[in-house]
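Beneath this line is the structure, given in structure tokens, with notes to follow.
Residue numbers (the numbering used here): -1 to 327.
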């Protein structure tokens, strides 16, 4: 019954017409090497509806008298499917083959009519020498089974004016790294694995998964030292470029025109005081003072000015002066 259910569902999904009669479905099933009587079509439809009813609380396939059978619902709403497709398309660590594989799986759960409504943005993927999906799968299984990982970690060399990928030689055995993996985290559109590498016995280690090559599990003894660390805090320190041990209240003088940008970056929990000439003062509490914050503020150029903390203001002045001297040389 499973093969018949899948084939019938695919026929309705791939139909460019909204309605198909039982006879039309019967004829199209023959292309799947499925030969049934017309009365069996209704039994298969009933099985499909029973299977999906807990998800939709309604019949997925409905019939119209003198019209035929049609899909009354989509597994994904248009917005949901568009969101998933865009995240696949623009993920820079996925190679072209993995992107297409994921898209095809989503399309198998969407009708042809729905696909016509979607925007499938074609993007060129940079050549990848690895599969992020395979790396993730291997690491996730290793975490679950408490198994050690072995891998190479890439670096770059300049050859004939181009960057060439080479393995780092700072591993446990030159180019070979080993790790007892504890957790995978996502930060700034990249995946990281955190675990223990005995090269660094006093701390946890973190590796960006898209920089790992030849990832595999090995039979070396798995070492679990998670009780010695606040893993949540370690993750924040190692993966978030805007995290710092030093927090302070940030006061900014800025143009009203960039308020949306300020809110997008810091959130809505901001005290705002209007001043003059379309200017305002924004006060954001408990902000980590770090290189990431400095880089962000410099990106806004003359649209923003730091009022406090004074130490941050002085650091920005220092860096701006260094940039000026660099361009004057």
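For every residue, glycine included, the Cβ atom is placed at its ideal position computed from N, Cα and C.
Buried versus exposed, by CB contacts within 10 Å (16 or more), residue i
i, result
"residue 94", "exposed"
"residue 325", "exposed"
"residue 135", "exposed"
"residue 107", "exposed"
"residue 179", "buried"
"residue 320", "exposed"
"residue 232", "buried"
"residue 218", "exposed"
"residue 299", "exposed"
"residue 92", "buried"
"residue 65", "exposed"
"residue 13", "buried"
"residue 133", "buried"
"residue 96", "buried"
"residue 293", "exposed"
"residue 54", "exposed"
"residue 128", "buried"
"residue 149", "buried"
"residue 193", "buried"
"residue 37", "exposed"
"residue 7", "buried"
"residue 248", "buried"
"residue 146", "buried"
"residue 137", "buried"
"residue 164", "exposed"
"residue 175", "buried"
Local conformation of residue i per DSSP, three classes
i, result
"residue 289", "helix"
"residue 33", "coil"
"residue 5", "helix"
"residue 158", "coil"
"residue 298", "coil"
"residue 323", "helix"
"residue 11", "helix"
Straight-line gap, residue i to residue j (C-alpha atoms, nearest Å)
i, j, result
"residue 287", "residue 59", "56 angstroms"
"residue 116", "residue 220", "46 angstroms"
"residue 240", "residue 68", "The predicted model places residue 240 with a pLDDT of 42, which falls under 50 and marks its position as unreliable; any figure quoted below should be read in that light. Their Cα atoms are separated by approximately 51 angstroms."
"residue 44", "residue 143", "41 angstroms"
"residue 39", "residue 102", "27 angstroms"
"residue 18", "residue 41", "16 angstroms"
"residue 302", "residue 259", "11 angstroms"
"residue 296", "residue 246", "18 angstroms"
"residue 177", "residue 195", "5 angstroms"
"residue 183", "residue 207", "10 angstroms"
"residue 265", "residue 256", "13 angstroms"
"residue 250", "residue 281", "6 angstroms"
"residue 11", "residue 110", "6 angstroms"
"residue 341", "residue 275", "Only positions -1 to 327 of the chain appear in this structure, which leaves residue 341 out of reach."
"residue 30", "residue 262", "51 angstroms"
"residue 90", "residue 140", "24 angstroms"
"residue 171", "residue 79", "45 angstroms"
"residue 0", "residue 46", "9 angstroms"
"residue 21", "residue 87", "39 angstroms"
"residue 130", "residue 204", "16 angstroms"
"residue 310", "residue 82", "39 angstroms"
"residue 9", "residue 28", "11 angstroms"
"residue 331", "residue 84", "As shown, the chain starts at -1 and ends at 327. That puts residue 331 outside it, with no answer to give."
"residue 270", "residue 291", "19 angstroms"
"residue 35", "residue 24", "7 angstroms"
"residue 190", "residue 62", "52 angstroms"
"residue 211", "residue 223", "25 angstroms"
"residue 57", "residue 155", "59 angstroms"
"residue 316", "residue 209", "34 angstroms"
"residue 227", "residue 153", "29 angstroms"
For residue i, the residue or residues it bridges with in DSSP
i, result
"residue 175", "149"
"residue 193", "179, 203"
"residue 308", "According to DSSP, residue 308 bridges with nothing at all."
"residue 318", "Note: residue 318 sits in no beta bridge, so no partner."
"residue 280", "250, 270"
"residue 169", "172"
"residue 18", "67"
"residue 303", "251"
"residue 188", "185"
"residue 28", "Note: residue 28 sits in no beta bridge, so no partner."
"residue 163", "154"
Taking only runs of the beta strand (DSSP E) that begin and end inside the segment 58 to 144, which ones reach a length of at least 3 residues, in chain order?
-> If we require 3 residues or more, the beta strand (DSSP E) runs fully inside the segment 58 to 144 come out as 59 to 62, 66 to 69.
Could you pull out every unbroken alpha helix (DSSP H) segment of at least 4 residues lying fully inside the segment 210 to 273, listed in chain order?
-> As far as the segment 210 to 273 is concerned, its whole alpha helix (DSSP H) runs of at least 4 residues are 229 to 237, 257 to 264.
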